[in-house]
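In this note's numbering, the protein residues as written are 249 to 548. The C-beta atom is built at its ideal place from N, Cα and C for all residues, glycine as well. I have placed the structure first, in the form of structure tokens, so that the comments after it can refer back to it.
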């Protein structure tokens, strides 16, 4: 659906001005949107998984952990596919967040994936400049990710930053000079990013961030000793169809969470870079950007 078509439907959660901001700039942030009881449940479940991860010594199906991870000094970078880990995460994805998605992709909404990313007062926790859609191309760009801060987030603990208006500009090459998937801009391209257009999305726990899959974004490293968890859910319009393997499929992948099935795909004429063949598996953007997958053989 076009932005004009989406905006013709009455909003469910967002204001009309917030929807217009998203379409104009490629992102929007909303402070303190998530109800306190819902937030408390998600936080409690997340804390349980952090404790469980302390028993792990290497990344696996459920956790992506960084070097030096232990129960005493956790370096849990990601809870993988939280929609599969606990019903609270899936209920959240199919509840309020699905209504938010419908306000921006139209009434027919498909679930794509989720992840829960952490920052742990470690300079290696920077997520470098990148765009999402090259990881999972679709027939159109009505694809977005909604993040929910599970802790108060300011400039001290690594907020998400989005380059204003970049969703309407060209996509970048996210392979390195040797043809390996890097999942980020080259150093040269990153050095040329106009930082005056970078908007940092901050807010108390329960605030959400929304960015289009074409939008250029990153997050700086945290300067706080307290963890900063960000729960991310990705959705598409039902008329946006994938044409490469899903990086991290779950039992919920491509499930219709709002509206009706569609019989026609919409095709955007703008090209999209093709990622590696994810059918062999995928770890995380942290591992890709750190070169860990390349060192292990190149397949993610």
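CA-to-CA distance, residue j to residue i, given in whole angstroms
i           : j           : result
residue 513 : residue 486 : 8 angstroms
residue 604 : residue 423 : In this structure the chain extends from 249 to 548, so residue 604 is not present and cannot be described.
residue 246 : residue 472 : Missing from the structure shown is residue 246; the chain here goes from 249 to 548 and no further.
residue 263 : residue 305 : 45 angstroms
residue 547 : residue 265 : Below a pLDDT of 50, predicted positions are generally treated as unreliable, and residue 547, at 27, falls in that range; the measurement from the model is reported next regardless. Distance between the alpha carbons of residue 547 and residue 265: 43 angstroms.
residue 390 : residue 320 : 42 angstroms
residue 484 : residue 357 : 6 angstroms
residue 282 : residue 289 : 11 angstroms
residue 252 : residue 352 : 11 angstroms
residue 242 : residue 452 : The structure shown does not extend to residue 242, since the chain is modelled only from 249 to 548, so the question has no answer here.
residue 332 : residue 441 : 36 angstroms
residue 388 : residue 350 : 16 angstroms
residue 298 : residue 363 : 14 angstroms
Reduced DSSP category for residue i - H, G, I as helix; E, B as strand; rest coil
i           : result
residue 346 : helix
residue 545 : Legend: pLDDT at residue 545 = 31, less than 50; position of this residue unreliable, no value from coordinates given.
residue 413 : coil
residue 449 : strand
residue 456 : strand
residue 313 : strand
residue 408 : strand
residue 308 : coil
residue 327 : strand
residue 255 : helix
residue 506 : strand
residue 368 : coil
residue 262 : coil
residue 278 : strand
Contact under 8 angstroms by Cβ, residue i with residue j
i           : j           : result
residue 399 : residue 476 : yes
residue 375 : residue 261 : no
residue 507 : residue 355 : yes
residue 481 : residue 393 : yes
residue 395 : residue 479 : yes
residue 322 : residue 377 : no
residue 346 : residue 505 : yes
residue 412 : residue 273 : yes
residue 287 : residue 406 : no
Rounded distance between the beta-carbons of residue j and residue i, thought under 8 angstroms
i           : j           : result
residue 460 : residue 415 : 4 angstroms
residue 501 : residue 361 : 7 angstroms
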